[in-house]
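Asks: Residue numbers (my numbering): 14 to 151. I'd like to ask some things about the structure below.
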């Protein structure tokens, strides 16, 4: 089983950085979905520094059973998503600084929802996105 390096909050709760955005002709991002298919709750949103399309714009809570979704691809002529590549991993267990993850297929998810929530999709399409709030729930 694969592992994922995670963060811990000041109070010791597990967390993970998410975010993303687009460049001239490509996009990339990552976000966490809860067991119900909702975006994970934001713990901290970066507001200063070099934020352009970084994948560490928002720190979100992480629990066993959550899903890490990583997406990337090309942008079409009108800024539409083309050649979408997606990797979905389920958080199986969480240790001190590592989480064990297992790759899953989108059709095996325990909920039926758009795999790319509307807020994430719009943030992915922003050129040099500096606002990570679309990648997490308020």
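Cβ coordinates follow ideal geometry from the N, Cα and C atoms, glycine included. Here the structure is a predicted model, which is why all the values come from computation and not from measurement.
1) Please identify the residue among 34, 132, 76, 139 whose C-alpha is closest to the C-alpha of residue 150.
2) What is the DSSP secondary structure of residue 189, counted as helix, strand or coil?
3) May I ask you to report which of helix, strand or coil DSSP gives residue 57?
4) Report yes or no: do three or more beta-carbon pairs, one from the segment 53 to 72 and one from the segment 91 to 103, lie closer than 8 Å?
5) Report the residue ranges of all beta strand (DSSP E) runs contained in full by the segment 63 to 105; include only those spanning at least 3 residues, in chain order.
6) Closer than 6 Å by C-beta to residue 44: which residues in its own chain qualify, once you throw out the five before and the five after it? Chain order, please.
7) In whole angstroms, give me the CA-to-CA distance for residue 137 and residue 106.
8) Touch check for the segment 15 to 28 and the segment 69 to 85: three-plus C-beta pairs under 8 Å?
9) Below 8 Å on the Cβ atoms is my guess for residue 48 versus residue 123; work out the distance and round it to an integer in Å.
10) For my contact list, residue 97 and residue 86 are in at a C-beta cut-off of 8 Å; report their separation, rounded to the angstrom.
Replies: Once the coordinates are examined:
1) Looking only at 34, 132, 76, 139, the smallest Cα-Cα distance to residue 150 is reached by 132.
2) What is shown of the chain runs 14 to 151, which leaves residue 189 out entirely.
3) Looking at residue 57 - three-state DSSP - the assignment turns out to be strand.
4) Put simply, the segment 53 to 72 does not touch the segment 91 to 103. Fewer than three CB pairs are less than 8 Å apart.
5) The qualifying runs are 71 to 74, 80 to 88.
6) Contacts found: 31, 82, 133, 148.
7) Distance between the alpha carbons of residue 137 and residue 106: 28 Å.
8) With a cut-off of 8 Å, the segment 69 to 85 and the segment 15 to 28 count as touching, because enough Cβ pairs lie within range.
9) About 7 Å separates the two Cβ atoms, so the contact holds.
10) The pair is a contact, with the Cβ atoms about 4 Å apart (cut-off 8 Å).
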